[in-house]
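Count the sequence shown with numbering that gives the first Met the number 0 and you get residues 0 to 182, in order.
Take a look at the structure set out below.
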Amino acid sequence: MKMGPMMIVSNFVLFQIGWFAAVLSAAEQRPWFGVVVTIAVVVTHIFRAAMPRPELELVLLSLGLGLVFDSLLAWQGWLHYSSGIVFTNVAPFWIVALWGLFATLLNVSLRWMRGRWGLAMLFGAVGGPVAYYGGLQLGALEFGNPPAALLALSIGWAVLMPLLLALSVRFDGYAGLLERKAV
């Protein structure tokens, strides 16, 4: 299977399904449901890869980064979650699962952004806060201090987006699926 437009579109659609399942189920106090959907999407992504191991490693690295970043925001009181909390001031498991889900985009749908570090920073600075604001609007989280939370999300994602893209170059299980262009 080559990475063509259908794989890119299906990658994006599966991400959206996982994102909405996680956020809506967290808002409904059933975060485990969204995590199950998210895990199914991540497993599908890993098994579709030409080299599954690097994709799994990228997902695990992203989970770790997300756990630290979102836990810092929760610890500061800038983000409040009502479900999926295992330890006080630690990010709930459903938001950490979303970081693993986001990693599924890096080597497929967001591959085009590699090497475009300024654009990646802008994408992170805007897209990160917008995603969390979407979660706020759907009832999955609250901002303890909206200006501080949005600023921290913007700065954090402006740094993390290029970092995640750089990691995706090193951990690229989809490189073997790229279409070869005729010369």
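Backbone N, C-alpha and C define an ideal beta-carbon position, used for all residues, glycine too.
These numbers were taken from a predicted model, which means no experiment stands behind them.
Assuming the contact rule is C-beta atoms closer than 8 angstroms, residue i and residue j should be a hit. Round their C-beta distance to whole Å, please.
i, j, result
"residue 54", "residue 10", "In fact, because the Cβ distance is near 12 angstroms, the residues do not count as touching under 8 angstroms."
"residue 40", "residue 113", "Wrong, their Cβ atoms sit about 22 angstroms apart, outside the cutoff."
"residue 134", "residue 22", "5 angstroms"
"residue 96", "residue 61", "Contact flag wrong, Cβ pair sits at about 10 angstroms."
"residue 14", "residue 104", "6 angstroms"
"residue 141", "residue 79", "4 angstroms"
"residue 64", "residue 170", "At roughly 13 angstroms, the Cβ-Cβ gap does not stay under 8 angstroms, so residue 64 and residue 170 are not in contact."
Leaving aside the five residues before and after residue i along the sequence, list all residues of the same chain whose C-beta is less than 8 angstroms from its C-beta, in chain order.
i, result
"residue 158", "120 and 123"
"residue 182", "Its pLDDT being 37, under 50, residue 182 is placed unreliably by the model, and the measurement read from it follows with that caveat. Result list for residue 182: empty, nothing under 8 angstroms."
"residue 185", "Outside the shown range of the chain (0 to 182) lies residue 185, about which nothing can therefore be said."
"residue 179", "At residue 179, the pLDDT of 45 sits below 50, so the modelled position is not reliable and the matter cannot be decided from this model."
"residue 52", "172"
"residue 49", "172, 173, 174, 175 and 176"
"residue 132", "149"
"residue 118", "112"
"residue 59", "99"
Short of 6 angstroms in beta carbon distance, which residues of its chain neighbour residue i, apart from the five on each side in sequence? Order them along the chain.
i, result
"residue 30", "24, 82, 83 and 93"
"residue 20", "33 and 36"
"residue 138", "26"
"residue 155", "68"
"residue 76", "143"
"residue 153", "124 and 128"
"residue 66", "90 and 95"
Among the residues of its own chain, which have a CB less than 7 angstroms from the CB of residue i, if the five just before and after it don't count?
i, result
"residue 42", "none"
"residue 7", "107 and 108"
"residue 116", "161"
"residue 74", "88"
How far does the alpha helix (DSSP H) with residue i in it extend, from its first residue to its last?
i, result
"residue 142", "No alpha helix (DSSP H) contains residue 142, which is instead part of the beta strand (DSSP E) from 140-142."
"residue 176", "Where residue 176 is concerned, there is no enclosing alpha helix (DSSP H), given that its DSSP letter is neither H nor E."
"residue 108", "Here residue 108 belongs to no alpha helix (DSSP H), and DSSP marks it neither H nor E."
"residue 87", "Element bounds for residue 87: n/a, residue is neither H nor E."
"residue 169", "145-169"
"residue 115", "First-last for residue 115: undefined, no H or E at that position."
"residue 73", "51-74"
"residue 47", "30-47"
Name, in chain order, the residues that DSSP records as bridge partners for residue i.
i, result
"residue 80", "140"
If you measure from the beta carbon of residue i to each beta carbon in chain C, is any gap under 9 angstroms?
i, result
"residue 85", "In the structure shown, chain C does not exist; there is a single protein chain."
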